[in-house]
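A.B. asks:
Residue numbers (this note's numbering): 1 to 150.
#1: Which one or two residues does DSSP pair with residue 132 in a beta bridge?
#2: Nearest-angstrom Cα distance between residue 128 and residue 98?
#3: What is the residue span of the beta strand (DSSP E) that residue 59 lies within?
#4: Starting from the C-beta of residue 109, find all residues in its chain whose C-beta is less than 6 Å away, skip the five residues before and the five after it, and write them out in chain order.
#5: In the structure shown, what three-state DSSP assignment does residue 150 receive?
#6: According to DSSP, simplified to helix, strand and coil, what is residue 33?
#7: Would you kindly check if the distance between the Cβ of residue 31 and the Cβ of residue 104 is under 8 Å?
#8: Using the Cα positions of residue 146 and residue 35, report the straight-line distance between them to the nearest angstrom.
#9: Are there 16 or more other CB atoms within 10 angstroms of the CB of residue 71, so buried, or fewer, so exposed?
#10: Give every residue of the same chain whose Cβ lies closer than 7 Å to the Cβ of residue 86, excluding the five residues on either side of it in the sequence, and list them in chain order.
#11: Helix, strand or coil: which one does DSSP assign to residue 80?
#12: If you draw a straight line from the C-alpha of residue 53 to the C-alpha of residue 120, how long is it?
#13: Return yes when the Cβ of residue 135 is within less than 8 Å of the Cβ of residue 107, no when it is not.
#14: Over the uninterrupted beta strand (DSSP E) stretch that includes residue 102, give me the two end residues.
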């Protein structure tokens, strides 16, 4: 019997204290990480897209193929297309985080992701998802992730 190709050999495991990853002794990197923390907690987790102007520039560039560029278009995507409704903003992130890396004006966040194996639907495997934002003047101006069209 032929060996099945390996998927993830080791499970992708989040850190215990995600908040600690969103800090830096460098003031500029710390500020950029805090913008991204707000995007994840206030917008993505809690759905408070009315706060988008606090975190996203008006001319926000979106490289995800499912949402158009521009702050208004991203807000419309989440509130109208995905029909996200505001929830209480959590004191701490609920989203599991593997790592946060900041360099220059970029902040990259890696997350564990459980995926169903299409060849073996009863089983799955863990992999990594990421979001990367470019921060300028205290707001995200550009975003990348590995999203595909449905």
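Positions of the beta carbon are idealized from the N, C-alpha and C atoms, including for glycine.
No experiment lies behind these values; they were computed from the predicted model shown.
C.D. replies: Taking the geometry as given:
#1: For the purposes of this step, residue 132 is identified with residue 132 of the chain shown, where counting begins at 1. Residue 132 pairs with 108, 144.
#2: Numbered from 1 along the chain shown, position 128 holds the residue referred to as residue 128. Numbered from 1 along the chain shown, position 98 holds the residue referred to as residue 98. If I take the Cα positions, the gap works out to 8 Å.
#3: One-based indexing of the chain shown puts residue 59 at position 59. Element bounds for residue 59: 56-62.
#4: Stepping through the chain shown from its first residue, residue 109 is reached at position 109. Result list for residue 109: 100, 131, in chain order.
#5: Here residue 150 refers to the residue found at position 150 of the chain shown. In this structure, residue 150 counts as coil in the three-state DSSP scheme.
#6: Numbered from its first residue, the chain shown carries residue 33 at position 33. Note: residue 33 maps to helix in three-state DSSP.
#7: The residue given as residue 104 occupies position 104 in the chain shown. The residue given as residue 31 occupies position 31 in the chain shown. For residue 104 and residue 31, no; Cβs fall outside 8 Å.
#8: Taking the first residue of the chain shown as position 1, residue 146 is located at position 146. Taking the first residue of the chain shown as position 1, residue 35 is located at position 35. Approximately 21 Å, taken between the alpha carbons.
#9: As a working note, residue 71 is residue 71 in the chain shown. When all chains shown are included, residue 71 counts as buried.
#10: Taking the chain shown and counting its residues from 1, the one referred to as residue 86 is at position 86. So the qualifying residues of the chain are 46, 47, 48.
#11: As a working note, residue 80 is residue 80 in the chain shown. Note: residue 80 maps to helix in three-state DSSP.
#12: For the purposes of this step, residue 53 is taken as the residue at position 53 of the chain shown. For the purposes of this step, residue 120 is taken as the residue at position 120 of the chain shown. Spanning the two alpha carbons is a distance of roughly 43 Å.
#13: Translated into the one-based positions of the chain shown, residue 107 becomes position 107. Translated into the one-based positions of the chain shown, residue 135 becomes position 135. Yes.
#14: As a working mapping, residue 102 is identified with position 102 in the chain shown. Per DSSP, residue 102 belongs to the beta strand (DSSP E) from 99-103.
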